[in-house]
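What follows is one structure encoded as C-alpha cells, with my remarks underneath.
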Amino acid sequence: MTEKKKRSRSSFKQQGAFYIMLLPYSVIFILFMLIPAVGALLASFTNFNGMTFPDFVGLDNYVRLILKDPTFLIVFKNTLLQAVLVGPIGFVLSFVIAWLINELPKAVRLLVIFLVYSPTFSGTLYIVWQYIFSNDENGVINSLLQTMGLEPVNWLSDSTYSMAVVIIVSIWMSFGVGFLSFVAGLRGLDKAYYEAAAIDGLRNRWQELYYITFPQMTSQLLFGAVQAIATGFAAGTINQALAGYPSTNNATDTILLYMSDYGKTRFEYGYASAMSVVLMAIMLITWRLIDKALSTFRAE
Amino acid sequence: MNEKSFSVFREISRRRRENKTVTLSRSKWGMAGIFLFLLIISVYMAIPLVYTVLQSVKPIEEYYIYPPKFYVTNPTLDNYRAILDSVESLGVPFTRYLFNAVFTTVVGTGVYLILALVTAYPIAKSKIKGVKILNALLVYAMLFQNDTMATLRFVVMSRMGIIDTYWAVILPNLANTMGVFLLVQFMSSNISDSILEAARIDGAGEFKILFRIVAPSVKAGWLTVLIFVFQSYWNAGNSPYIYSENLKHISEAMSSIAVSGIVRAGTGMAVTILLMIPTIIIFLWNQRSIMNTMAHSGLK
Chain A
1 MTEKKKRSRS
11 SFKQQGAFYI
21 MLLPYSVIFI
31 LFMLIPAVGA
41 LLASFTNFNG
51 MTFPDFVGLD
61 NYVRLILKDP
71 TFLIVFKNTL
81 LQAVLVGPIG
91 FVLSFVIAWL
101 INELPKAVRL
111 LVIFLVYSPT
121 FSGTLYIVWQ
131 YIFSNDENGV
141 INSLLQTMGL
151 EPVNWLSDST
161 YSMAVVIIVS
171 IWMSFGVGFL
181 SFVAGLRGLD
191 KAYYEAAAID
201 GLRNRWQELY
211 YITFPQMTSQ
221 LLFGAVQAIA
231 TGFAAGTINQ
241 ALAGYPSTNN
251 ATDTILLYMS
261 DYGKTRFEYG
271 YASAMSVVLM
281 AIMLITWRLI
291 DKALSTFRAE
Chain B
301 MNEKSFSVFR
311 EISRRRRENK
321 TVTLSRSKWG
331 MAGIFLFLLI
341 ISVYMAIPLV
351 YTVLQSVKPI
361 EEYYIYPPKF
371 YVTNPTLDNY
381 RAILDSVESL
391 GVPFTRYLFN
401 AVFTTVVGTG
411 VYLILALVTA
421 YPIAKSKIKG
431 VKILNALLVY
441 AMLFQNDTMA
451 TLRFVVMSRM
461 GIIDTYWAVI
471 LPNLANTMGV
481 FLLVQFMSSN
491 ISDSILEAAR
501 IDGAGEFKIL
511 FRIVAPSVKA
521 GWLTVLIFVF
531 QSYWNAGNSP
541 YIYSENLKHI
551 SEAMSSIAVS
561 GIVRAGTGMA
571 VTILLMIPTI
581 IIFLWNQRSI
591 MNTMAHSGLK
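Protein chains in written order, with our numbering: chain A, 1 to 300; chain B, 301 to 600.
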C-alpha cells in the first residue's frame, strides 16, 4: 500500500469515528430540542389551542403581539430592563470575583466560591427573599424599619419598589454556571505567559488582565455571555415568586410569564409560540453583538 | 522563537531557580480593598442560606414572636424530628422516593458527562461536514429553552411510549446543550492540534485520544459540567411526565410534608436544608478537585 493510500484510509476511519461520536447526541437533540423548537415555530403561524386541529393564520399572531397588545409592550419593556441590568452586572461581577479569588489561599477561595454559588444549591432558596422583603409585619426588613421608628414599605406590591427588589434578587441568583466556568477557566491559564509578561514590562494588574487574561479566557467568557443572555431574558421565576403574577400594574411581569399565561392557562399555544419566537430573536441579536465584541480579543 | 522572547525565558528560568516571585503582585491597600469587596459580596450572598439554617432550628414559639427575629434564642432539632415522623405516614416507603431521585441523578449525570465529552470533541477539534452548523445549533438551543417546548416534548415522549417511566426524567435533560457547549469551549482553547496529530501518528484511535488525552486536559471543564448536571437532576423536583406515586422524586414527597403555613414553616426550612446536603457535598468535592487540577505548563 502506498503512503498516500494509507493516509486517506486512516483519515476515512478517523472521520467515521467522528460521525459515530456525534450520532447519539444528535438523536437526542433532534427528539427533545429540534422537533419541539421547530414545532413551536410552526405553531406561531397558527391558532393552535391544543384541542382542535390548528388553522394557518399567517402573521396574525405577530401583528397582534406588536400592534394590538398593550400588555405585551409592558412585559417586553420589563424583560428588557431586567435583562439589561441583571445580565451584564451578573456577568461582570462573576468574572471579577473569580479573578480576585484566583490567587487567594485555598480555604478562602473555597469559602467564597461556596457562598457565591450557594443560591443555586437548592431550587427554592430564593423564596427566602420573600420573607425578607415581605409586605406584612413578618417581613425582616419591615420589622427592622419599624424598630427604627420608620414606616414599613410594601416592597413587593408597590410598583415603585417591586422591580428593584426583583432585580436585586435576580443578581443574587445570577452567579451560576457562568461563574463556575470562569473559576475553572482561570485555573487552567498558562503561568508562563504571566511570567513572561511581568518580565517583559507589564506595569500593572489591569494591563495583565487586558493583554494576558482576556485573550486566554475568550472561550469561557463566551460561555458566560450566552448564560447571561439566556438567564437574563428568560427571567420570570423570581418575579412570580416575589411579586406574583399578574403583579401590581404589571410592574414585574415578563415575556416568559406572559407567555406561560397564554400557553398554560388560556390555551393559546399559537400566540404563546409567537412570543417565544420574538423572545428568541431578541436573544439572538444580543448574542450576535456580544460575539462580535469578544472576537476582537480572539483575533489577538 | 525570536531572540527577545528567548532572553525572556532565560530570565524566567533564572528567577524560578532562585525562588524569586516572577509574576506581578498586589499592593497592601489593593489587598485590603479586595478583602472588603469580597466580604460585602459574601454577606449579600449568604443571607438566605444563613436565614434558612436559622429558621430550620427555630422552635415554634419563636415563630410567633413579634417583631420577628433573624436569630434564634433556643435552637432545637424539633423541625427535623417532625420530618422523620411525617415520613412514616407516607403512602409509599420513603426509601422508594430516595431511590428514584438517586437513580435518575446518578444515571442521568453519568450518561450526560460521557455524551457531552463524546459530542464536544468532534465539534471542537474536527473539520467534518456539519460541525459548524451543530455548534451554532448548540447556542440557539441554549437561548430557546422555554415552556412552549414542553407541550411538544410531551407529544414526542408519548409517541415513544416513555411517559411515566424513568426515561421521561432522564432523557429530556440529556438534550441540554449547555454542557456540550462548555466542553467545546474548553477543548478548543486548551488543546493544541499538534498534540492530537502526534497521537494520531503514533496510531491512537479517536476514542482513545478523547479519553486518554483530551478528557484529562479539560478536567476542570467536565467537573464544572458534572456539578450543574447533577443539580439539574437532583433539584428537578417532580417531572411533569411522571404520574405514578412510586416513581416520584424525593422532593415531591418532602414538599408534601412541608405544606405551607406558619406551623410548618420550620419544617419546610429543614426540608430545604436536607435536600441541599447532597449537592453541597458533591460541590465541595468538585471544587476541590478543580483547584487541584494543575495548570498546564509550557507555552503552546
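Idealized CB from N, CA, C, for every residue including glycine.
Mapping the DSSP letters down to three states, classify A:T213 as helix, strand or coil.
Within the first sequence, the letter at position 213 stands for residue 213 of chain A. Reduced to three states, the DSSP call for A:T213 is helix.
Any beta carbon of chain A sitting closer than 7 Å to that of B:Y351?
For the purposes of this step, residue 351 of chain B is identified with residue 51 of the second sequence, where counting begins at 1. Taking Cβ atoms only, chain A reaches closer than 7 Å to B:Y351, which makes this a yes.
Could you tell me whether the Cβ atoms of B:V456 and A:I35 are closer together than 7 Å?
As a first step, residue 456 of chain B is located in the second sequence; it is residue number 156 there, counting from the start. As a first step, residue 35 of chain A is located in the first sequence; it is residue number 35 there, counting from the start. Closer than 7 Å, so yes.
Mind pulling the chain A residues with CB within less than 9 Å of B:S589?
On the second sequence, residue 589 of chain B is found 289 positions in, with the first residue counted as 1. Going along chain A, no residue has its Cβ under 9 Å from B:S589, so there is no contact; the nearest lies around 10 Å.
Report the neighbours of B:M478 on chain A: residues whose CB is nearer than 9 Å to its CB, in chain order.
Along the second sequence, one-based indexing puts residue 478 of chain B at 178. By Cβ distance, chain A contributes V177, F223, V226, Q227 and A230.
DSSP three-state call for B:F370: helix, strand or coil?
On the second sequence, position 70 is the one that residue 370 of chain B refers to. Three-state result, B:F370: coil.
Mapping the DSSP letters down to three states, classify A:F121 as helix, strand or coil.
The count along the first sequence starts at 1 and reaches residue 121 of chain A at position 121. In the structure shown, A:F121 sits in coil (DSSP, three-state: anything other than H, G, I, E or B).
Output the distance between the C-alpha atoms of B:D378 and B:A553, rounded to the nearest integer angstrom.
Within the second sequence, the letter at position 78 stands for residue 378 of chain B. Within the second sequence, the letter at position 253 stands for residue 553 of chain B. Distance between the alpha carbons of B:D378 and B:A553: 19 Å.
For B:T404, does the three-state DSSP call read helix, strand or coil?
Taking the second sequence and counting its residues from 1, the one referred to as residue 404 of chain B is at position 104. Here B:T404 sits in helix by DSSP.
Using CA coordinates, which residue listed in A:A230, A:M280 and A:V27 is at the minimum distance from B:T419?
Indexing the second sequence from 1 puts residue 419 of chain B at position 119. With distances taken between Cα atoms, B:T419 lies closest to A:V27.
Looking at A:I255 and A:M275, is the spacing between their C-beta atoms short of 7 Å?
As a position in the first sequence, residue 275 of chain A is number 275, starting the count at 1. As a position in the first sequence, residue 255 of chain A is number 255, starting the count at 1. Against a cut-off of 7 Å, the Cβ pair of A:I255 and A:M275 comes out as a contact.
In angstroms with no decimal places, state the Cα-to-Cα distance between A:S181 and A:L125.
Translated into positions along the first sequence, residue 181 of chain A becomes position 181. Translated into positions along the first sequence, residue 125 of chain A becomes position 125. When rounded, the distance between both Cα atoms is 22 Å.
Within the 7 Å Cβ cut-off, does B:M331 reach chain A?
Here residue 331 of chain B refers to the residue found at position 31 of the second sequence. False, the Cβ-Cβ gap to chain A never drops below 7 Å.
Closer than 8 Å, Cβ to Cβ, to anything on chain B: give me those residues from the region 263-274 of chain A, in chain order.
Residues G263, K264, Y269, A272 and S273.
As a quick exercise: from B:K425, B:V484 and B:R453, pick the residue whose alpha carbon is nearest that of B:L437.
Walking along the second sequence from the start, residue 437 of chain B turns up at place 137. Nearest C-alpha to B:L437: B:V484.
Consult DSSP for A:T248 and reduce its assignment to one of helix, strand or coil.
Translated into positions along the first sequence, residue 248 of chain A becomes position 248. Three-state result, A:T248: helix.
Would you tell me roughly how many angstroms separate the C-alpha atoms of B:G598 and A:R187, rounded to the nearest one?
Translated into positions along the second sequence, residue 598 of chain B becomes position 298. Translated into positions along the first sequence, residue 187 of chain A becomes position 187. Note that B:G598 scores 35 on pLDDT, short of 50, meaning its location in the model is unreliable; the coordinates nonetheless yield the value given after this. Going by the C-alpha atoms only, they are around 15 Å apart.
Excluding the 5 residues flanking A:F233 on each side, which residues of the same chain have their C-beta closer than 7 Å to its C-beta?
Against the first sequence, residue 233 of chain A aligns to sequence position 233. T79, A83, L279, I282 and M283, listed in sequence order.
With respect to the alpha helix (DSSP H) encompassing B:K328, which residues constitute its N-terminal and C-terminal limits?
Sequence index remark: in the second sequence, residue 328 of chain B carries index 28 (1-based). Counting along the chain, the alpha helix (DSSP H) containing B:K328 begins and ends at K328 to S356.
Excluding the five sequence neighbours on either side, which residues of its own chain have a C-beta within less than 7 Å of the C-beta of B:T373, listed in chain order?
Translated into the one-based positions of the second sequence, residue 373 of chain B becomes position 73. Same-chain partners within the cutoff: E362.
When burial is assigned at 16 or more other CB atoms within 10 Å of the CB, is B:K519 buried or exposed?
As a working note, residue 519 of chain B is residue 219 in the second sequence. It counts as buried.
Are there 16 or more other CB atoms within 10 angstroms of the CB of B:I509, so buried, or fewer, so exposed?
Here the question's residue 509 of chain B lines up with position 209 in the second sequence. B:I509 is buried by the Cβ-count criterion.
For B:V529, count neighbouring Cβ atoms within 10 angstroms of its own Cβ and tell me buried if that reaches 16, exposed if not.
Reading the second sequence from its first residue, position 229 is the one you call residue 529 of chain B. The residue is buried, with at least 16 neighbouring Cβ atoms inside 10 Å.
Evaluate A:R288 with the Cβ neighbour count: other Cβ atoms within 10 Å of its Cβ, from every protein chain shown; 16 or more gives buried, anything less gives exposed.
For the purposes of this step, residue 288 of chain A is taken as the residue at position 288 of the first sequence. Counting Cβ neighbours within 10 Å, A:R288 comes out exposed, since fewer than 16 surround it.
For A:T46, which of helix, strand or coil comes out of DSSP?
Your numbering for residue 46 of chain A matches position 46 in the first sequence. It is a strand residue.
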